[in-house]
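Number of protein chains: 2
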Amino acid sequence: MKKILIVEDDVSIHNVIEELLKKENYTTYNAYSGTEALLLLEKEKYDLILLDLMLPAISGEEIIEKVKEIPIIVLSAKVSSNAKVNCLLSGANDYITKPFDGKELLARIEVQLRPKNKYSNIETLKYKDLELLNDNHTLLINNKKTNLTKTEYAILKQLLLNPNQVITKNKLLDLISIDTEDCDENSLRVHISNLRRKIKDYTDHEYIESIWGIGFKIKD
Amino acid sequence: MKKILIVEDDVSIHNVIEELLKKENYTTYNAYSGTEALLLLEKEKYDLILLDLMLPAISGEEIIEKVKEIPIIVLSAKVSSNAKVNCLLSGANDYITKPFDGKELLARIEVQLRPKNKYSNIETLKYKDLELLNDNHTLLINNKKTNLTKTEYAILKQLLLNPNQVITKNKLLDLISIDTEDCDENSLRVHISNLRRKIKDYTDHEYIESIWGIGFKIKD
DNA sequence: CAAAATCTTAACAATTTCTTAACCATTTTC
DNA sequence: GAAAATGGTTAAGAAATTGTTAAGATTTTG
Chain A
1 MKKILIVEDD
11 VSIHNVIEEL
21 LKKENYTTYN
31 AYSGTEALLL
41 LEKEKYDLIL
51 LDLMLPAISG
61 EEIIEKVKEI
71 PIIVLSAKVS
81 SNAKVNCLLS
91 GANDYITKPF
101 DGKELLARIE
111 VQLRPKNKYS
121 NIETLKYKDL
131 ELLNDNHTLL
141 INNKKTNLTK
151 TEYAILKQLL
161 LNPNQVITKN
171 KLLDLISIDT
181 EDCDENSLRV
191 HISNLRRKIK
201 DYTDHEYIES
211 IWGIGFKIKD
Chain B
1001 MKKILIVEDD
1011 VSIHNVIEEL
1021 LKKENYTTYN
1031 AYSGTEALLL
1041 LEKEKYDLIL
1051 LDLMLPAISG
1061 EEIIEKVKEI
1071 PIIVLSAKVS
1081 SNAKVNCLLS
1091 GANDYITKPF
1101 DGKELLARIE
1111 VQLRPKNKYS
1121 NIETLKYKDL
1131 ELLNDNHTLL
1141 INNKKTNLTK
1151 TEYAILKQLL
1161 LNPNQVITKN
1171 KLLDLISIDT
1181 EDCDENSLRV
1191 HISNLRRKIK
1201 DYTDHEYIES
1211 IWGIGFKIKD
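Protein chains in written order, with the numbering used here: chain A, 1 to 220; chain B, 1001 to 1220.
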């Protein structure tokens, strides 16, 4: 269930949004000022922020600058092109002017929450001799079938989604946490080791590279 | 240079968009019908599609269904909430109604082209022959790969963030303290020394300058 | 419910990185 | 110009990270 933080000081608008989201089964969190929003942002991780611009104490624009990893949809009465452009360029992902249409808001929320590359629709993830099937357990190495466990599959999938890009251990653990509850760094090492052994059985190329002190990546 | 495919049958609008994008140094590709768009999509990989809905032969909506991995911004005269919601839910990433504001279009394009989490957006830090790659934690010197340790990477990153600007030793220690717990001034000296040696292996230019009694900076 | 598969924990070795400390060079201070 | 402070280099030992293995716990499957 996705967590959405609503930052809006107008109580009636706030309530409208909250109800709309709850009907769609989102979990909502409420901030009625910029300072309150910042406090909540420290406490919890959200999947999306709906942000009004004109707020007591700290403005919405300042919040955009501070938030780096959560998508933001600005909901504002400011219709000027300048306001929009500023927000979008400084980090907001979308800008909707009030009054807004509920269905459009929901659609734009869905756009932000869905994976950027709609890889879930892609059947396989390919990289060199590896081909990860979209069935949660099959890896083809040189077209030879290999069975992966759920965790191994999750790890390899994350790595293959961004080849040649380091994923930190914590990030990786975070990304696979949907499938695996209590996998820690030690456990992750074991899984990686097992994965490497399975891959080594069919190809000489070392695919999973360790970046010392950082994490792992799929080797060039 | 990002590649943008413009799909629009109205020639005058098409030209306006094309000029706008070229001024921003995007590479533009032109399709004047849905079928032409599909042909071009097979030939080349684009970073973004600007898509009109009412097209000859194949409609924009059908193209949205077919394209899975490229972000799409719909540019349409249809202002109805239904049209917007349909496009967004079936795969479009944004929807702008005509007539549109040029600056807003450019801003929304930038939103689509930038990495989803702005965190990794600190893409690469370049300075003369040095190129610090954020996404895979490596340093390129004259395009030659060099391995840095976690601490060396952290130090160089801070220095390169503000070239030609002195960072005091304490400030530097503070900035890298997230990655390194008990690194003191003496230790910092050793790391800097090691960094200089690694850089010297590939280039003659002395990059890290010591400011006596103060700290370090990247040399002009 | 028993067997099989998978996962976590823990121990160990191997490896890499970091800090410490010593020594020397350079600059500043008195 | 001598003494003190700062900076650079080096090597060794300490500390941290990683890879591997096996055993026991947990979950899944038949």
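We put the CB at the ideal spot given by N, CA and C, even for glycine. Because the structure is a prediction, the values reported are computed rather than measured.
Segment limits, beta strand (DSSP E) that includes residue i
i, result
"residue 1174 (chain B)", "Counting along the chain, residue 1174 (chain B) falls outside any beta strand (DSSP E), though it belongs to the alpha helix (DSSP H) covering 1169 to 1176."
"residue 1146 (chain B)", "1144 to 1146"
"residue 42 (chain A)", "First-last for residue 42 (chain A): 34 to 43, but that is the alpha helix (DSSP H), not the beta strand (DSSP E)."
"residue 1029 (chain B)", "1027 to 1031"
"residue 211 (chain A)", "208 to 211"
"residue 217 (chain A)", "215 to 218"
"residue 126 (chain A)", "124 to 127"
"residue 1138 (chain B)", "1138 to 1141"
Separation of residue j from residue i, as counted between CA atoms
i, j, result
"residue 1148 (chain B)", "residue 37 (chain A)", "38 Å"
"residue 1156 (chain B)", "residue 92 (chain A)", "29 Å"
"residue 1121 (chain B)", "residue 1114 (chain B)", "Low confidence applies to residue 1121 (chain B): its pLDDT is 45, below 50, so where it sits in the model is not reliable, and the reading given next is rough at best. The straight-line gap from Cα to Cα measures roughly 7 Å."
"residue 1205 (chain B)", "residue 1216 (chain B)", "16 Å"
"residue 179 (chain A)", "residue 154 (chain A)", "7 Å"
"residue 108 (chain A)", "residue 1080 (chain B)", "15 Å"
"residue 1017 (chain B)", "residue 74 (chain A)", "25 Å"
"residue 222 (chain A)", "residue 58 (chain A)", "Limits of chain A in this structure are 1 at one end and 220 at the other, which puts residue 222 (chain A) out of reach."
"residue 166 (chain A)", "residue 188 (chain A)", "15 Å"
"residue 119 (chain A)", "residue 1220 (chain B)", "Any answer about residue 119 (chain A) is weak, because its pLDDT of 47 lies below 50 and its placement is not dependable; what the coordinates show is given next. Answer to the nearest angstrom: the Cα atoms are 45 Å apart."
"residue 1031 (chain B)", "residue 1112 (chain B)", "20 Å"
"residue 1161 (chain B)", "residue 1054 (chain B)", "47 Å"
"residue 22 (chain A)", "residue 15 (chain A)", "10 Å"
"residue 214 (chain A)", "residue 1134 (chain B)", "12 Å"
"residue 8 (chain A)", "residue 94 (chain A)", "16 Å"
"residue 56 (chain A)", "residue 49 (chain A)", "17 Å"
"residue 110 (chain A)", "residue 1102 (chain B)", "26 Å"
"residue 43 (chain A)", "residue 76 (chain A)", "25 Å"
"residue 1212 (chain B)", "residue 1194 (chain B)", "19 Å"
"residue 105 (chain A)", "residue 1169 (chain B)", "49 Å"
"residue 1084 (chain B)", "residue 1061 (chain B)", "11 Å"
"residue 1068 (chain B)", "residue 137 (chain A)", "23 Å"
"residue 70 (chain A)", "residue 45 (chain A)", "9 Å"
"residue 1010 (chain B)", "residue 125 (chain A)", "38 Å"
"residue 82 (chain A)", "residue 183 (chain A)", "47 Å"
"residue 200 (chain A)", "residue 186 (chain A)", "21 Å"
"residue 210 (chain A)", "residue 196 (chain A)", "11 Å"
"residue 1013 (chain B)", "residue 1047 (chain B)", "21 Å"
Close beta carbons around residue i, own chain, < 6 Å, minus the five adjacent residues each side
i, result
"residue 1026 (chain B)", "1002 and 1004"
"residue 1146 (chain B)", "1139 and 1198"
"residue 97 (chain A)", "79"
"residue 1066 (chain B)", "none"
Start-to-end residues for the alpha helix (DSSP H) that takes in residue i
i, result
"residue 1011 (chain B)", "1011 to 1023"
"residue 193 (chain A)", "185 to 200"
"residue 203 (chain A)", "No alpha helix (DSSP H) contains residue 203 (chain A), which DSSP labels as neither H nor E."
"residue 1002 (chain B)", "It is not in any alpha helix (DSSP H) - residue 1002 (chain B) carries neither H nor E in the DSSP assignment."
"residue 131 (chain A)", "Not the alpha helix (DSSP H): residue 131 (chain A) falls in the beta strand (DSSP E), residues 130 to 133."
"residue 1151 (chain B)", "1150 to 1161"
Proximal residues to residue i (C-beta, below 8 Å), its chain only, five neighbours per side dropped
i, result
"residue 1143 (chain B)", "1131"
"residue 1064 (chain B)", "1051, 1072, 1074, 1087, 1090, 1091 and 1092"
"residue 1158 (chain B)", "1167, 1172, 1175 and 1176"
"residue 1034 (chain B)", "1007, 1055, 1056, 1057, 1058, 1059, 1060, 1062 and 1063"
Beta-carbon contacts of residue i that lie in its chain and below 7 Å, excluding the five residues immediately before and after
i, result
"residue 191 (chain A)", "151, 152 and 155"
"residue 1202 (chain B)", "1141, 1142, 1144 and 1146"
"residue 1129 (chain B)", "1141, 1142, 1203 and 1205"
"residue 40 (chain A)", "5, 29 and 31"
"residue 1100 (chain B)", "1075"
"residue 164 (chain A)", "217, 218 and 220"
"residue 1024 (chain B)", "1106"
Beta-carbon separation (whole angstroms), residue i vs residue j, contact threshold 8 Å
i, j, result
"residue 127 (chain A)", "residue 208 (chain A)", "In fact, because the Cβ distance is near 11 Å, the residues do not count as touching under 8 Å."
ask   = In chain order, which continuous runs of the alpha helix (DSSP H) of length 4 or greater are located wholly inside the stretch 47 to 109 of chain A?
value = Whole alpha helix (DSSP H) segments, 4+ residues: 60 to 66 and 81 to 90.
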